[in-house]
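Trainee:
Residue numbers (the numbering used here): 20 to 260.
(1) Going by C-alpha to C-alpha distance, which of 239, 258, 155, 92 sits closest to residue 186?
(2) Looking at the secondary structure, which residues open and close the alpha helix (DSSP H) in which residue 201 lies?
(3) Opposite residue 93 in the DSSP bridges: which residues?
(4) Following the continuous alpha helix (DSSP H) through residue 145, name the residue where it begins and the one where it ends.
(5) Using beta-carbon positions only, say whether residue 90 and residue 30 come within less than 7 Å of one another.
(6) Mind checking who residue 109 pairs with in its DSSP beta bridge?
(7) Taking the alpha-carbon positions, what's the residue 68 to residue 48 distance?
(8) Who are residue 56's beta bridge partners in DSSP?
(9) Whether or not the segment 128-140 and the segment 235-255 are in contact is what I'm after, with contact meaning three or more pairs of Cβ atoms, one per stretch, closer than 8 Å; do they touch?
(10) Is the distance from the Cβ of residue 37 to the Cβ of residue 61 below 7 Å?
(11) Could you work out which residue in 150, 141, 184, 109 is closest to residue 218 when comparing CA atoms only?
(12) Can the beta-carbon of residue 117 be found less than 7 Å from the beta-carbon of residue 87?
(13) I believe residue 124 touches residue 143 by the beta-carbon criterion, under 8 Å. Please report the beta-carbon distance rounded to the nearest angstrom.
(14) Give every residue of the same chain whose Cβ lies closer than 6 Å to the Cβ of residue 51, excluding the five residues on either side of it in the sequence, and list them in chain order.
(15) Quickly, what does DSSP pair residue 129 with across the bridge? List them, please.
(16) Going by C-alpha distance, which of 173, 228, 199, 198 is nearest residue 211?
(17) Is residue 175 closer than 7 Å to residue 259 when the C-beta atoms are compared?
(18) Do the segment 160-167 and the segment 194-214 make contact, defined as three or more Cβ pairs closer than 8 Å?
(19) Under a three-way DSSP split, which group does residue 233 fall into?
(20) Just tell me which of 121, 79, 72 has its CA closest to the CA of residue 96.
(21) Alpha carbon to alpha carbon, what distance is there between residue 224 and residue 230?
(22) By DSSP's criteria, residue 80 is part of a beta bridge. Which residues make up the other side?
(23) Does the Cβ-Cβ distance between residue 45 and residue 66 come in under 7 Å?
(24) Answer with buried or exposed for residue 203, where buried requires no fewer than 16 other C-beta atoms within 10 angstroms of its C-beta.
Structure below.
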(Lines of atoms letter the chains of each structure in order from A and count residues from 1; the text may use other names and numbers.)
(Lines give C-alpha, C1' and ligand atoms only; values in the text may rest on other atoms or scores of the structure.)
Protein backbone atom coordinates (compact mmCIF):
# COMPACT_ATOMS: atom_id res chain seq x y z
CA UNK A 1 0.00 0.00 0.00
CA UNK A 2 1.29 3.45 -0.94
CA UNK A 3 0.99 6.05 1.81
CA UNK A 4 -0.39 9.29 0.36
CA UNK A 5 0.85 11.37 3.31
CA UNK A 6 3.42 10.89 6.04
CA UNK A 7 1.72 9.26 9.02
CA UNK A 8 2.15 10.89 12.42
CA UNK A 9 0.31 8.48 14.71
CA UNK A 10 0.47 4.77 13.89
CA UNK A 11 -1.04 1.79 15.70
CA UNK A 12 0.11 -1.83 15.30
CA UNK A 13 -2.66 -4.02 16.73
CA UNK A 14 -1.43 -7.33 18.14
CA UNK A 15 2.20 -6.39 17.60
CA UNK A 16 3.66 -9.70 18.80
CA UNK A 17 7.45 -9.42 18.77
CA UNK A 18 7.10 -5.81 17.61
CA UNK A 19 9.16 -6.31 14.47
CA UNK A 20 6.70 -4.53 12.14
CA UNK A 21 6.31 -1.56 14.51
CA UNK A 22 10.07 -1.16 14.87
CA UNK A 23 10.69 -1.42 11.13
CA UNK A 24 7.97 1.15 10.44
CA UNK A 25 9.35 3.50 13.08
CA UNK A 26 12.81 3.27 11.50
CA UNK A 27 11.38 3.96 8.05
CA UNK A 28 9.28 6.93 9.21
CA UNK A 29 11.23 8.67 12.01
CA UNK A 30 8.71 11.52 12.24
CA UNK A 31 5.89 9.10 13.13
CA UNK A 32 4.92 7.98 16.63
CA UNK A 33 4.35 4.23 16.48
CA UNK A 34 2.49 2.30 19.19
CA UNK A 35 2.40 -1.48 19.24
CA UNK A 36 -0.13 -3.22 21.48
CA UNK A 37 -0.38 -6.82 22.62
CA UNK A 38 -1.61 -8.82 25.59
CA UNK A 39 1.84 -10.46 25.91
CA UNK A 40 4.93 -8.42 26.94
CA UNK A 41 7.37 -10.16 24.58
CA UNK A 42 8.68 -7.08 22.78
CA UNK A 43 12.34 -6.00 23.12
CA UNK A 44 13.40 -3.14 25.39
CA UNK A 45 15.79 -1.62 22.85
CA UNK A 46 13.55 0.09 20.27
CA UNK A 47 13.61 3.17 18.03
CA UNK A 48 12.94 6.40 19.98
CA UNK A 49 9.66 6.94 18.13
CA UNK A 50 8.32 3.46 18.93
CA UNK A 51 6.73 2.20 22.13
CA UNK A 52 4.82 -0.87 23.24
CA UNK A 53 1.81 -1.13 25.52
CA UNK A 54 0.11 -4.11 27.15
CA UNK A 55 -3.43 -3.87 25.86
CA UNK A 56 -6.28 -6.10 24.77
CA UNK A 57 -7.55 -4.84 21.42
CA UNK A 58 -10.94 -6.41 22.13
CA UNK A 59 -11.53 -4.13 25.11
CA UNK A 60 -12.74 -0.52 24.62
CA UNK A 61 -9.90 1.61 23.26
CA UNK A 62 -8.76 4.54 25.38
CA UNK A 63 -7.20 6.66 22.65
CA UNK A 64 -8.91 9.77 21.37
CA UNK A 65 -11.40 9.51 18.54
CA UNK A 66 -9.87 10.27 15.11
CA UNK A 67 -6.35 9.81 16.52
CA UNK A 68 -4.43 7.48 14.19
CA UNK A 69 -3.27 8.11 10.64
CA UNK A 70 -2.61 4.42 10.07
CA UNK A 71 -3.83 1.24 11.80
CA UNK A 72 -1.99 -1.97 11.00
CA UNK A 73 -3.18 -5.54 11.74
CA UNK A 74 -1.35 -8.75 10.84
CA UNK A 75 -1.79 -12.46 11.58
CA UNK A 76 -4.47 -12.22 14.27
CA UNK A 77 -6.53 -15.15 12.96
CA UNK A 78 -7.68 -17.29 15.87
CA UNK A 79 -7.17 -14.40 18.30
CA UNK A 80 -10.28 -12.24 17.91
CA UNK A 81 -13.79 -13.21 18.97
CA UNK A 82 -15.61 -10.26 17.39
CA UNK A 83 -13.98 -8.95 14.21
CA UNK A 84 -16.72 -6.42 13.31
CA UNK A 85 -16.30 -4.84 16.76
CA UNK A 86 -12.54 -4.60 16.25
CA UNK A 87 -12.95 -2.94 12.85
CA UNK A 88 -15.52 -0.55 14.34
CA UNK A 89 -12.93 0.56 16.91
CA UNK A 90 -10.33 0.94 14.15
CA UNK A 91 -12.74 3.18 12.25
CA UNK A 92 -13.66 5.25 15.28
CA UNK A 93 -10.05 5.96 16.24
CA UNK A 94 -8.66 6.53 12.74
CA UNK A 95 -8.52 10.10 11.45
CA UNK A 96 -10.66 11.03 8.44
CA UNK A 97 -8.48 10.20 5.47
CA UNK A 98 -6.47 7.74 7.60
CA UNK A 99 -5.73 4.19 6.54
CA UNK A 100 -6.25 0.64 7.73
CA UNK A 101 -4.23 -2.31 6.49
CA UNK A 102 -4.54 -5.97 7.42
CA UNK A 103 -2.61 -9.01 6.24
CA UNK A 104 -3.70 -12.53 7.13
CA UNK A 105 -2.68 -15.93 5.87
CA UNK A 106 -5.13 -18.70 5.19
CA UNK A 107 -4.36 -21.56 7.59
CA UNK A 108 -5.39 -24.04 4.88
CA UNK A 109 -2.44 -25.83 3.32
CA UNK A 110 -3.40 -26.31 -0.30
CA UNK A 111 -2.43 -28.46 -3.26
CA UNK A 112 -4.07 -28.89 -6.63
CA UNK A 113 -2.87 -32.52 -6.62
CA UNK A 114 -4.74 -33.99 -3.65
CA UNK A 115 -8.22 -35.32 -3.03
CA UNK A 116 -10.73 -34.74 -0.24
CA UNK A 117 -9.26 -37.48 1.98
CA UNK A 118 -5.71 -36.09 2.00
CA UNK A 119 -4.03 -35.06 5.26
CA UNK A 120 -3.99 -31.43 4.08
CA UNK A 121 -7.79 -31.41 3.95
CA UNK A 122 -8.05 -33.20 7.30
CA UNK A 123 -5.71 -30.68 8.94
CA UNK A 124 -7.56 -27.71 7.44
CA UNK A 125 -10.96 -28.96 8.54
CA UNK A 126 -9.76 -29.70 12.07
CA UNK A 127 -8.36 -26.22 12.58
CA UNK A 128 -11.46 -24.61 11.11
CA UNK A 129 -13.53 -26.62 13.61
CA UNK A 130 -11.22 -25.60 16.47
CA UNK A 131 -11.70 -21.95 15.59
CA UNK A 132 -15.46 -22.32 15.60
CA UNK A 133 -15.41 -24.10 18.96
CA UNK A 134 -13.26 -21.35 20.49
CA UNK A 135 -15.42 -18.63 18.95
CA UNK A 136 -12.28 -17.22 17.28
CA UNK A 137 -12.37 -17.96 13.60
CA UNK A 138 -9.34 -18.85 11.51
CA UNK A 139 -11.23 -17.82 8.36
CA UNK A 140 -10.75 -14.09 8.73
CA UNK A 141 -8.80 -13.80 5.45
CA UNK A 142 -11.95 -14.59 3.50
CA UNK A 143 -14.14 -12.22 5.51
CA UNK A 144 -12.06 -9.16 6.27
CA UNK A 145 -12.62 -7.19 3.07
CA UNK A 146 -16.39 -7.08 3.48
CA UNK A 147 -16.18 -6.52 7.22
CA UNK A 148 -13.78 -3.60 6.77
CA UNK A 149 -16.20 -2.13 4.22
CA UNK A 150 -19.09 -2.68 6.64
CA UNK A 151 -17.15 -0.78 9.31
CA UNK A 152 -17.25 2.31 7.07
CA UNK A 153 -13.91 2.30 5.25
CA UNK A 154 -13.89 3.18 1.55
CA UNK A 155 -11.61 2.55 -1.44
CA UNK A 156 -11.04 -0.90 0.01
CA UNK A 157 -8.62 -3.06 -1.99
CA UNK A 158 -7.96 -6.79 -1.61
CA UNK A 159 -4.87 -8.58 -2.94
CA UNK A 160 -4.00 -12.28 -2.73
CA UNK A 161 -0.78 -14.22 -3.26
CA UNK A 162 0.17 -17.88 -3.26
CA UNK A 163 3.14 -18.73 -1.03
CA UNK A 164 4.99 -21.94 -1.94
CA UNK A 165 5.89 -24.44 0.76
CA UNK A 166 9.25 -25.98 -0.11
CA UNK A 167 11.54 -25.53 -3.09
CA UNK A 168 9.31 -26.77 -5.90
CA UNK A 169 8.97 -23.42 -7.72
CA UNK A 170 11.47 -22.41 -10.40
CA UNK A 171 11.48 -18.73 -9.39
CA UNK A 172 14.65 -18.08 -7.31
CA UNK A 173 12.98 -15.59 -4.97
CA UNK A 174 9.94 -17.78 -4.39
CA UNK A 175 12.19 -20.80 -3.94
CA UNK A 176 13.88 -19.02 -1.02
CA UNK A 177 10.48 -18.02 0.38
CA UNK A 178 9.42 -21.65 0.11
CA UNK A 179 12.48 -22.82 2.02
CA UNK A 180 11.75 -20.49 4.92
CA UNK A 181 8.04 -21.33 4.83
CA UNK A 182 8.73 -25.06 5.06
CA UNK A 183 11.16 -24.47 7.93
CA UNK A 184 8.60 -22.33 9.77
CA UNK A 185 5.81 -24.87 9.34
CA UNK A 186 8.03 -27.84 10.18
CA UNK A 187 8.99 -26.25 13.49
CA UNK A 188 5.45 -25.06 14.26
CA UNK A 189 3.20 -27.99 13.39
CA UNK A 190 3.54 -29.81 16.70
CA UNK A 191 2.97 -26.68 18.76
CA UNK A 192 -0.12 -25.75 16.77
CA UNK A 193 -1.53 -29.26 17.01
CA UNK A 194 -0.79 -29.94 20.68
CA UNK A 195 -2.79 -26.97 21.86
CA UNK A 196 -5.64 -27.07 19.37
CA UNK A 197 -6.21 -30.80 19.11
CA UNK A 198 -5.47 -31.71 22.73
CA UNK A 199 -7.05 -28.78 24.56
CA UNK A 200 -9.92 -27.99 22.22
CA UNK A 201 -10.67 -31.29 20.47
CA UNK A 202 -9.64 -33.72 23.21
CA UNK A 203 -7.24 -35.78 21.11
CA UNK A 204 -4.66 -38.08 22.71
CA UNK A 205 -0.96 -37.25 22.42
CA UNK A 206 -0.16 -40.29 20.23
CA UNK A 207 -2.99 -39.42 17.82
CA UNK A 208 -1.62 -35.91 17.44
CA UNK A 209 1.91 -37.15 16.75
CA UNK A 210 0.64 -39.43 13.96
CA UNK A 211 -1.19 -36.53 12.28
CA UNK A 212 1.84 -34.21 12.63
CA UNK A 213 4.10 -36.88 11.09
CA UNK A 214 1.74 -37.23 8.12
CA UNK A 215 1.67 -33.47 7.63
CA UNK A 216 5.45 -33.19 7.76
CA UNK A 217 5.81 -35.94 5.17
CA UNK A 218 3.24 -34.36 2.85
CA UNK A 219 4.74 -30.88 3.12
CA UNK A 220 8.09 -32.27 1.96
CA UNK A 221 6.56 -33.97 -1.09
CA UNK A 222 7.42 -31.49 -3.84
CA UNK A 223 5.23 -33.45 -6.30
CA UNK A 224 2.20 -32.03 -4.46
CA UNK A 225 3.28 -28.39 -5.04
CA UNK A 226 1.95 -27.36 -1.59
CA UNK A 227 1.19 -23.72 -0.89
CA UNK A 228 -0.94 -21.42 1.20
CA UNK A 229 -2.51 -18.04 0.43
CA UNK A 230 -1.98 -14.66 2.03
CA UNK A 231 -4.53 -11.87 1.74
CA UNK A 232 -3.89 -8.14 2.09
CA UNK A 233 -6.75 -5.67 2.53
CA UNK A 234 -6.41 -1.93 2.91
CA UNK A 235 -8.81 1.00 2.89
CA UNK A 236 -9.38 4.61 3.92
CA UNK A 237 -11.66 6.37 6.36
CA UNK A 238 -13.73 8.91 4.40
CA UNK A 239 -12.93 12.60 4.79
CA UNK A 240 -15.51 14.36 6.91
CA UNK A 241 -16.60 11.21 8.72
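Yeah, the Cβ is synthetic: ideal placement off N, Cα and C, and Gly gets one too.
Bear in mind that the values here come from a model prediction, so they are computed numbers and not experimental data.
Mentor: This is what the structure gives:
(1) Locating residue 186 in the chain shown gives position 167, counting from the first residue. Of the candidates 239, 258, 155, 92, the one whose C-alpha sits nearest the C-alpha of residue 186 is 239.
(2) Counting from 1 along the chain shown, the entry for residue 201 is found at position 182. Residue 201 -> alpha helix (DSSP H) spans 191-212.
(3) Residue numbering aside, residue 93 sits at position 74 when the chain shown is read from its first letter. Note: residue 93 sits in a beta bridge opposite 122.
(4) The count along the chain shown starts at 1 and reaches residue 145 at position 126. Its alpha helix (DSSP H) spans residues 138-153.
(5) Residue 90 sits at position 71 when you count from the first residue of the chain shown. Residue 30 sits at position 11 when you count from the first residue of the chain shown. It is a contact, given that the beta carbons lie within the stated cut-off.
(6) Against the chain shown, residue 109 aligns to sequence position 90. Bridge partners of residue 109: none, in fact.
(7) Against the chain shown, residue 68 aligns to sequence position 49. Against the chain shown, residue 48 aligns to sequence position 29. Rounded to the nearest angstrom, the two C-alpha atoms are 7 Å apart.
(8) In the chain shown, the residue the question calls residue 56 occupies position 37. Note: residue 56 sits in a beta bridge opposite 73.
(9) yes
(10) Residue numbering aside, residue 37 sits at position 18 when the chain shown is read from its first letter. Residue numbering aside, residue 61 sits at position 42 when the chain shown is read from its first letter. In this structure, residue 61 lies closer than 7 Å to residue 37 by Cβ.
(11) Residue mapping note: residue 218 aligns to position 199 of the chain shown, counting from 1. Among 150, 141, 184, 109, the Cα nearest to that of residue 218 belongs to 150.
(12) As a working mapping, residue 117 is identified with position 98 in the chain shown. As a working mapping, residue 87 is identified with position 68 in the chain shown. Going by C-beta atoms, residue 117 is nearer than 7 Å to residue 87.
(13) In the chain shown, the residue the question calls residue 124 occupies position 105. In the chain shown, the residue the question calls residue 143 occupies position 124. Incorrect: roughly 13 Å between the Cβ atoms, too far for contact.
(14) To locate residue 51, count along the chain shown from 1; it is residue 32. The answer, listed in chain order, is 28, 68.
(15) Numbered from its first residue, the chain shown carries residue 129 at position 110. Bridge partners of residue 129: 246.
(16) Here residue 211 is taken as the residue at index 192 of the chain shown, counted from 1. The candidate whose alpha carbon is nearest that of residue 211 is 228.
(17) Translated into the one-based positions of the chain shown, residue 259 becomes position 240. Translated into the one-based positions of the chain shown, residue 175 becomes position 156. Not in contact: residue 259 and residue 175 (Cβ atoms no closer than 7 Å).
(18) no
(19) Walking along the chain shown from the start, residue 233 turns up at place 214. It is helical.
(20) Taking the chain shown and counting its residues from 1, the one referred to as residue 96 is at position 77. Of 121, 79, 72, the residue nearest in Cα terms is 121.
(21) Indexing the chain shown from 1 puts residue 230 at position 211. Indexing the chain shown from 1 puts residue 224 at position 205. Cα-Cα distance, rounded: 10 Å.
(22) Working through the chain shown from its first residue, we reach residue 80 at position 61. Bridge partners of residue 80: none, in fact.
(23) By one-based count along the chain shown, residue 45 stands at place 26. By one-based count along the chain shown, residue 66 stands at place 47. Cβ atoms of residue 45 and residue 66: closer than 7 Å.
(24) Looking up residue 203 in the chain shown gives position 184. Result: exposed.
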